[in-house]
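Under the numbering used here, the first residue of the sequence shown is numbered 820, with each subsequent residue one higher. In what follows, a single structure is set out as structure tokens and then discussed.
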Amino acid sequence: LTGASSAAITRAAPYSVTATIIDDEADQATDNVVTVSASDPTGAEPGVDDGQWTLTLSRVNHTPSPILVNYALGGTASAPGDYAALTGTTWIDVGQSTTTVTLDVLDDVLLEGLETAELTLVSTSHAAVTVSALPATVTIADDESAAGAVTAWIQAIDLSAYEATDTASIAVILSATNETGAPVTVSFVTGGRAINGTDYTSIGSSVQIASGAISTVVTITPTDDIFFEDTEDVIITLTGSSSAAITRAAPYSVTATITDDEADQAYDNTVTVVAVDASAFENPADPALIAFWLSNTNYTSAPIAITYSVGGTATPGLDYTALSGVTSIAVGAISTTVVISPLDDVLFELAETVELTATTVGHAAVSLTGPTTVTAIIDDAETLSVAVAATDATAGENPQDLAWLQFVLSTTNGTGSAITVTYSTTGRAGNGTDYTALPGTVQIPNGATRAVVAIAPIDDALFEDGEDVIITITGTDEPGLTIAAAPANTTTVTIVDDESDAAGDQTVTAVVLDGVLVEGAGNDGLVAFWLSATNYTASAIDIT
820 LTGASSAAIT
830 RAAPYSVTAT
840 IIDDEADQAT
850 DNVVTVSASD
860 PTGAEPGVDD
870 GQWTLTLSRV
880 NHTPSPILVN
890 YALGGTASAP
900 GDYAALTGTT
910 WIDVGQSTTT
920 VTLDVLDDVL
930 LEGLETAELT
940 LVSTSHAAVT
950 VSALPATVTI
960 ADDESAAGAV
970 TAWIQAIDLS
980 AYEATDTASI
990 AVILSATNET
1000 GAPVTVSFVT
1010 GGRAINGTDY
1020 TSIGSSVQIA
1030 SGAISTVVTI
1040 TPTDDIFFED
1050 TEDVIITLTG
1060 SSSAAITRAA
1070 PYSVTATITD
1080 DEADQAYDNT
1090 VTVVAVDASA
1100 FENPADPALI
1110 AFWLSNTNYT
1120 SAPIAITYSV
1130 GGTATPGLDY
1140 TALSGVTSIA
1150 VGAISTTVVI
1160 SPLDDVLFEL
1170 AETVELTATT
1180 VGHAAVSLTG
1190 PTTVTAIIDD
1200 AETLSVAVAA
1210 TDATAGENPQ
1220 DLAWLQFVLS
1230 TTNGTGSAIT
1240 VTYSTTGRAG
1250 NGTDYTALPG
1260 TVQIPNGATR
1270 AVVAIAPIDD
1280 ALFEDGEDVI
1290 ITITGTDEPG
1300 LTIAAAPANT
1310 TTVTIVDDES
1320 DAAGDQTVTA
1330 VVLDGVLVEG
1340 AGNDGLVAFW
1350 LSATNYTASA
1360 IDIT
């Protein structure tokens, strides 16, 4: 109480009292509810676009103080990486029914895709105010998820591989860590001389960068084959990605090399010379074949040249087609062949040799090893026979007139030395008596087809018929030489006697040896017929 209209009245204690009015909007906790909604449901990197939630009380706060609201955050986004950390509390001021919470988006360098921040109400500071269980979501757009926003490139780790023992490796790197929650695929193509899956274990045509990673490693593991190869290159070139956000950037190609364990030392590969067919024949034509064998197939980038020298008893260009002295083993081959092609001549020759010797190899990783020399034999096509014939079959004693014989080969002697022919002498004329002694042998020089023998009569005082000298071939020192069949194996020469070559050369004289005959005495007379020279003819001489 404060006073009265009558001065006679004054207040006295108790002059004050309190009554309570209970609000029907505040007597139950369910009467007032705070809900949340995304008033700005999107945010975006790099932080120029924030998201926002609005918390709404079902009635205006007419309590004497602000109402505290507690909340929790969830979703795929997180603080402080994706947005600035929030306190987890906010206030609805007196006289207000709403309040806001701002999601301050932060820029990172992660490839994330769309992320969510989910706000869920937890509690309030007023017993008469409850919260809705329904959350509200703000979606954050990733600036690294824009088309081409992230780049992929290649970085060399170790670009040298060795067949037997060592690998090469490269890294495929993104400009932003993959936080998409799943692997991203980066595709590539392989090139170079080395073949993917053949010269090295297949690396496919793509790699995956795991979620949470920024790179991955590609390992090149050489296949240890037995091929002789040059150093081979492996070229890896990025081509694209399963994510539209990823594009390649330089350097997007790299080259690694594989060193061949068959080509790093000269002794790893050898060349050997082998006679594949060591016999050649003039006619019918049959060549000899000489092979140069490499210990490993040539898978280098070029043929391997081999030089060789040529020797032997055969003459190039005469006995066989001249050789160049150079051959090569082609790419993909393990050998090469040199053909020795005999030339068909008309010479009778012994077997001749062609000797090939490897001298140099035109590759630093190839050496020569024994045998480096082989010999081929060329057999002659010609058969050889010898015959004898008289070119002048008559000889005379006085004046001396020689008879001439020829020992003739069927073709030229190309053996390289003289051929000795033996013969016999028969007939009525005596060797060394009626003609100068013959030795019984004759030599046909190398390069010749014949030899000549002269029959030189000896002038005696004997009265003889014409006498024959029969020459017959009996043998030879050349195994390949045959004696011609009769009658070509023999010939006859006649020596005419100068005591009997004309009438009147010899005379017969009658001489009385006992010219007195006495009858009855028993004695005979003797008359002798004297020839002017002793009769050495083939028969008696009748005198009438």
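Backbone N, C-alpha and C fix where the C-beta goes; we use that ideal spot for every residue, glycine too. Owing to the predicted nature of the structure, the values given are computational and were not obtained by experimental measurement.
Assigned secondary structure, residue i (DSSP; H/G/I helix, E/B strand, else coil)
i	result
Glu864	coil
Asp1049	coil
Asp1287	strand
Asp859	strand
Asp850	helix
Asp1043	coil
Asp1316	coil
Asp869	coil
Asp1087	helix
Asp1211	strand
Gln1225	strand
Leu1230	Note on residue identity: the sequence assigns Thr, not Leu, to residue 1230. Reduced to three states, the DSSP call for Thr1230 is coil.
Asn1364	Here the chain comprises residues numbered 820 to 1363, so residue 1364 is not present and cannot be evaluated.
Thr1188	coil
Gly1031	coil
Asp1096	strand
Gly822	coil
Asp828	Asp is not the amino acid found at residue 828; the sequence shown has Ile there. Coil, per DSSP.
Gly1105	It should be pointed out that residue 1105 corresponds to Asp in this sequence rather than to Gly. Strand, per DSSP.
Ile1362	coil
Val836	coil
Gly1294	strand
Asp1079	coil
Buried/exposed call for residue i, threshold 16 Cβ in 10 Å
i	result
Asp1253	buried
Asn1102	exposed
Ile959	buried
Tyr834	exposed
Leu820	exposed
Ala971	buried
Gly862	buried
His881	exposed
Phe1348	exposed
Ile973	buried
Ser1204	buried
Leu1350	exposed
Leu1224	buried
Val836	exposed
Ala1184	buried
Val1158	exposed
Residue j beta carbon less than 7 Å from that of residue i
i	j	result
Asp901	Glu934	yes
Val1261	Val1240	yes
Ser1243	Thr1293	yes
Thr1255	Ala1275	yes
Leu938	Ala955	yes
Leu1228	Ile1263	yes
Thr1038	Ser988	yes
Ser1025	Asn997	no
Thr1116	Glu1048	no
Leu887	Val853	no
Asp1138	Glu1174	no
Ala995	Val969	yes
Phe1111	Val1092	yes
Thr918	Thr908	no
Asp1278	Asn1217	yes
Ala903	Asp923	yes
Ala990	Glu1051	no
Asp1015	Ser1006	The question names Asp, but residue 1015 is Asn in the sequence shown. It is not a contact, given that the beta carbons lie outside the stated cut-off.
Integer Cβ distance of residue i from residue j, believed to fall under 8 Å
i	j	result
Pro1002	Tyr1019	The pair is not a contact, with the Cβ atoms about 24 Å apart (cut-off 8 Å).
Gly1215	Val1288	Contact doesn't hold; Cβ gap of about 13 Å is too wide.
Leu930	Leu993	7 Å
Asp1080	Ala983	4 Å
Ala1303	Ala1206	4 Å
Thr1076	Ile1054	Not a contact, Cβ separation roughly 10 Å.
Ser884	Val913	6 Å
Gly932	Thr999	5 Å
Val1008	Thr1078	Not a contact, Cβ separation roughly 23 Å.
Thr1140	Ser1160	4 Å
Ile1123	Ile1153	11 Å between Cβ atoms; not a contact.
Any chain D beta carbon closer than 7 Å to residue i
i	result
Ala1347	This model lacks chain D altogether; it includes just one protein chain.
Can you check the region 1120-1171 for any beta strand (DSSP E) of at least 3 residues that lies completely inside it and give the ranges in chain order?
1123-1130, 1145-1148 and 1154-1159
At 3 residues or longer, and completely inside the region 889-966: list those beta strand (DSSP E) runs for me, N to C.
908-911, 917-922, 934-943, 948-950 and 955-960
Whole runs of the beta strand (DSSP E) within the region 963-1028, excluding any shorter than 3 residues
Restricted to the region 963-1028, the beta strand (DSSP E) segments that are unbroken, complete and at least 3 residues in length are 969-977, 979-981, 987-993, 1003-1010 and 1025-1028, listed in chain order.
Report the residue ranges of all beta strand (DSSP E) runs contained in full by the region 1248-1281; include only those spanning at least 3 residues, in chain order.
Counting only runs of 3 or more, we get 1260-1263 and 1269-1274.
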